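Colleague:
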Amino acid sequence: MSAALQAGEVHLWTVTLSEVRGAVDALSGAERARHDRYHYTTDAQRFAARRAALRSLLAGYAGCAPSDIAFESGAAGKPALAGAGPVFNASSSGDIALIAVARDGVLGVDVEAGRAVTDADAIAERFFTQAECAALRRQPLADRLAAFYRLWTAKEALLKAVGTGLPGGLDRFEVSADPASPPALLHDADDADGGARFHLYPADPGQGYFGALAVDRAGLRVVRCAFDPRAGR
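According to the numbering used here, the sequence shown is numbered sequentially starting from 274.
1) State buried or exposed for Met274, treating a residue as buried only when at least 16 other CB atoms are found within 10 Å of its CB.
2) Helix, strand or coil for Asp383, going by three-state DSSP, please let me know.
3) Taking C-alpha atoms, which residue in Phe500, Ala419, Val435, Asp444 lies nearest to Pro475?
4) Taking Glu292 as part of the alpha helix (DSSP H), name the residues at either end of that continuous run.
5) Roughly how many whole angstroms lie between the Cα atoms of Arg399 and Leu431?
6) Assuming Ser329 is part of the alpha helix (DSSP H), what are its boundary residues?
7) Return the first residue and the last residue of the alpha helix (DSSP H) that Gly302 is part of.
8) To which residues does DSSP link Gly483 through a beta bridge?
9) Report the three-state DSSP secondary structure of Val283 (helix, strand or coil).
10) CA-CA distance, Glu447 and Lys428?
11) Have a look at Leu278 and Arg376 and give me their C-alpha separation to the nearest angstrom.
12) Since Phe500 and Ala332 are thought to touch, with beta carbons under 8 Å apart, how far apart are those beta carbons, to the nearest angstrom?
13) How about Val496 and Glu282: are their beta carbons less than 8 Å apart?
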């Protein structure tokens, strides 16, 4: 594993997908078949770019060639490295991907493009807790969309850490909704201690995107990294 990844650190990589070159050539046979099934060219290109970037980054930590990286799925379908190596989680939206990497532990990351949402209140009523909906309504209108996205990405990151994704139910977690403060897990329906299992860290990549990182411990140092498509990391 790369000596640059220290204990107690999470490296959080921002990847601009449109800048990744030669991505299709870096794919495995199964990944290329999946790439070819996409109906829209942009979707296929973004899939290839995020997989190529992920392979390149993990190979740098594991000390092998990108083509040697092999993936497996956990019990809930959460991707992981086959064999020894760092733990990771990845998310993409639009032209941006976030990739979180650590030596060990449990990670979940989510990123969303901050598009206008005309029915944000209805979506919140369907997926958020009553307390979160009330907190959103207390936000000034100018801040409400940012608060919505910070809630959504924090809860998605938590579900990805658990390994269930959206089918696990966004309302199983309750998260603070103040956009001026770092996200905080207030309650976990499956945790007898209320919310001690996971901790949230802000992960906004800028450029109009919102993001969140969930990890299974407090006090980690989150190191922000920008993927360099020329260097492959």
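For glycine and all other residues, C-beta sits at the position ideal for the given N, C-alpha and C. Since the model is a prediction, treat every value here as computed from it, not as a measurement.
Modeller: Based on what the coordinates show:
1) Residue 274 sits at position 1 when you count from the first residue of the sequence shown. Low confidence applies to Met274: its pLDDT is 44, below 50, so where it sits in the model is not reliable enough to give any reading.
2) The residue you call residue 383 lines up with position 110 of the sequence shown. In this structure, Asp383 counts as strand in the three-state DSSP scheme.
3) For the purposes of this step, residue 475 is identified with residue 202 of the sequence shown, where counting begins at 1. Nearest option by C-alpha distance: Ala419.
4) The count along the sequence shown starts at 1 and reaches residue 292 at position 19. Glu292 -> no alpha helix (DSSP H), and no H or E assigned at all.
5) Here residue 399 refers to the residue found at position 126 when the sequence shown is read from its first residue. Here residue 431 refers to the residue found at position 158 when the sequence shown is read from its first residue. Separation of Arg399 and Leu431 (C-alpha to C-alpha, rounded to the nearest whole angstrom) is 18 Å.
6) For the purposes of this step, residue 329 is identified with residue 56 of the sequence shown, where counting begins at 1. 314-335 is the extent of the alpha helix (DSSP H) around Ser329.
7) Translated into positions along the sequence shown, residue 302 becomes position 29. Segment 302-310, the alpha helix (DSSP H) holding Gly302.
8) Taking the sequence shown and counting its residues from 1, one reaches residue 483 at position 210. Looking at the sequence itself, residue 483 is Phe, so the reference to Gly does not match. Paired residue(s): Glu385.
9) What you label residue 283 is simply residue 10 of the sequence shown in a count that begins at 1. Here Val283 sits in strand by DSSP.
10) On the sequence shown, residue 447 is found 174 positions in, with the first residue counted as 1. On the sequence shown, residue 428 is found 155 positions in, with the first residue counted as 1. Rounded to whole angstroms, Glu447 to Lys428 spans 8 Å at the Cα level.
11) By 1-based counting over the sequence shown, the position of residue 278 is 5. By 1-based counting over the sequence shown, the position of residue 376 is 103. Distance between Leu278 and Arg376, taken at the CA atoms: about 7 Å.
12) For the purposes of this step, residue 500 is taken as the residue at position 227 of the sequence shown. For the purposes of this step, residue 332 is taken as the residue at position 59 of the sequence shown. With a contact defined as Cβ atoms closer than 8 Å, Phe500 and Ala332 miss out at about 13 Å.
13) Taking the sequence shown and counting its residues from 1, one reaches residue 496 at position 223. Taking the sequence shown and counting its residues from 1, one reaches residue 282 at position 9. Yes, the pair counts as a contact, with Cβ atoms nearer than the cut-off.
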